[in-house]
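In what follows, a single structure is set out as structure tokens and then discussed.
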Amino acid sequence: MIRSYRRLHHYCQVKLTVELPAGLHRDLMLYGELRIGEHGPVPPQKLVVPRLERFLASDRGFAKARRSVRAGHRAGASPRLP
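The sequence shown begins at 1 in full-length UniProt numbering and counts up by one.
Below, the structure written as structure tokens:
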């Protein structure tokens with residue numbers, strides 16, 4: 001079951017609705033304006049995914065825990081984050 005769920009997330013996008021503090025939204029708007037691409041400012045909703053991916057990729061503790069969880073799945077252990 002976990003494997004099929006994981007595969008689903010590799011191929012599908014999940015829509016997520018969040019509430020942001022006004023200050024964070026303003027900062028995202030400014031960030032998008034400063035990072036003008038070929039077609040003008042980047043909207044905040046297009047910035048969230050790459051920023052979250054970079055944040056998770058830079059978190060060494062999370063990377064270590066994720067490797068442990070994946071190794072546990074291969075060994076038949078139950079998934080658990082420290």
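Where is the CB? At the ideal position from N, CA and C, for every residue including glycine. Quantities reported herein were computed from a predicted structural model and do not represent experimental measurements.
Alpha carbon to alpha carbon, what distance is there between residue j and residue i?
i, j, result
"Gly-37", "Tyr-31", "12 Å"
"residue 97", "Leu-52", "Since the first residue shown for the chain is 1 and the last is 82, residue 97 is missing from the structure and cannot be characterised."
"Leu-56", "Cys-12", "19 Å"
"Ala-71", "Val-14", "25 Å"
"His-39", "Leu-16", "25 Å"
"Val-48", "Arg-60", "20 Å"
"Pro-50", "Ser-68", "24 Å"
Just to confirm my understanding: we take residue i, look at its own chain, exclude 5 residues before and 5 after, and list those with CB closer than 7 Å. What are they?
i, result
"Pro-44", "His-25, Leu-28, Met-29, Gly-32"
"Val-42", "Gly-32, Arg-35"
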